[in-house]
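Residue numbers are given in the numbering used here: position 64 of the sequence shown equals residue 72, and the series is strictly consecutive.
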Amino acid sequence: MDDFARLEAKLAKLRQRAAAPGEGRAIRGKPEQLLSAIVTEIDETILPRELRFEADNASFALAVANRRLQALISVAPAQDGSDALAGKALSDAEDEALETVHSTLMGLLATATVWSISSHRQPEGGFPSDVGVPSGPLARAWKTTPSGEGRANPEAALVDYLGSLGDEATAWLHIEGEEVKNQSGPEDLVAGLGNQAAVFLDGYFSKKDMLFQGEAGPSGLVFVGGAEANAVLFLDCGGSMAFVLSSGSEIATLAQNWQARVAL
């Protein structure tokens with residue numbers, strides 16, 4: 009098994025662990041703020057997932073993939089019309105069921121100001137990735153905006169960023185989901201970076217909420233061994249991640265350039 013095969017095998021195990029129940033986050037606020045946060049969750053979800061939202065006396069689950077709301081999966085307690093919606097795929101922003109989903113969620117969100125969020129893999133035979141309402145039309149239909157809409161699309165920004173690095177980076181890896189999607193640099197440095205990535209990610213997913221206190225959106229970390237030593241910039245956009253190897257004297261500039269692309 010080569011270095012990337014080992015890294016991808018570890019990624020598969022770690023992402024399963026990352027999606028385990030109980031490792032969720034929370035959203036807080038009035039119903040309008042909560043709805044905006046939900047649209048943000050949809051906008052930042054690439055892989056097929058069931059997003060489950062729970063409060064003390066209520067819960068609901070959404071099928072989401074490719075930044076699309078695919079369906080309302082479950083609602084408790086039941087709301088008017090919610091039983092007919094459960095598991096029914098949404099076609100587009102003109103789907104009449106979308107307004108019923110909106111009213112159902114707003115009714116639930118009015119019952120609590122704090123909701124926990126957990127992400128789970130969709131079961132086998134779930135919805136096709138092109139089914140559902142994209143986050144942009146969804147936000148317009150629900151007359152809201154994703155919280156943090158001013159950020160660049162982080163996954164697209166990451167691809168552009170890596171493509172622009174040139175000689176500023178000694179090597180880099182682009183990870184999407186559970187696969188190494190792209191790479192750049194000498195073979196030995198890329199292989200070493202892959203090994204470093206596997207070791208780092210072994211502990212990262214279980215400690216992510218402690219590091220970033222449940223903050224949504226793109227995040228990053230810098231590891232520096234000294235001005236003359238190699239340093240690593242790690243970027244996490246949820247469905248996409250990157251490890252960038254550069255000199256200790258250049259890594260701060262690379263981090264600042266990334267921050268400028270996704271700043272509010």
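Positions of the beta carbon are idealized from the N, C-alpha and C atoms, including for glycine.
Proximity below 8 Å, CB of residue i to CB of residue j
i, j, result
"R36", "V122", "yes"
"A350", "A63", "Any property of residue 350 remains undetermined from this structure, which presents the chain solely from 9 to 272."
"A84", "S111", "no"
"G171", "W180", "no"
"A79", "K96", "yes"
"F242", "F208", "yes"
"T108", "E40", "no"
Residue i (DSSP reduced to helix, strand or coil)
i, result
"L98", "coil"
"G200", "helix"
"W150", "coil"
"N190", "strand"
"P142", "strand"
"L93", "helix"
"A174", "Reading the sequence as shown, one finds Gly at residue 174 and not Ala. In the structure shown, G174 sits in a helix (DSSP, three-state: H, G or I)."
"S254", "strand"
"S82", "strand"
"F135", "coil"
"I50", "helix"
"D244", "strand"
"G37", "coil"
Given residue i as reference, the closest of the options once Cα atoms are compared
i, options, result
"V198", "E187, C245, L209, V252", "V252"
"S127", "S99, F208, T53", "T53"
"L98", "A45, P85, L170, F135", "F135"
"V139", "L55, V240, A118", "L55"
"S227", "E163, S255, S254", "E163"
"S255", "V232, Q264, K189, E104", "V232"
"A177", "L93, N238, A205", "N238"
"V230", "L262, G246, G185", "L262"
Alpha-carbon spacing of residue i relative to residue j, whole angstroms
i, j, result
"G156", "E195", "Residue placement at G156 is flagged as unreliable, the pLDDT there being 49, under the threshold of 50; the coordinate-derived value follows with that caveat. Their Cα atoms are separated by approximately 38 Å."
"L59", "D168", "28 Å"
"A69", "R57", "10 Å"
"E258", "L43", "40 Å"
"P131", "I46", "21 Å"
"D88", "I81", "15 Å"
"A34", "A260", "31 Å"
"M114", "K216", "30 Å"
"L219", "E49", "19 Å"
"A105", "A94", "11 Å"
"H182", "A86", "43 Å"
Neighbour-count burial assignment, residue i, 16 or more Cβ in a 10 Å radius
i, result
"D283", "Absent from the structure is residue 283, since the part of the chain shown begins at 9 and ends at 272."
"G174", "exposed"
"N74", "buried"
"N65", "exposed"
"R129", "exposed"
"N203", "exposed"
"R148", "exposed"
"D91", "exposed"
"P29", "Because the pLDDT at P29 is just 43, under 50, the model does not fix this residue reliably, and the point stays unresolved."
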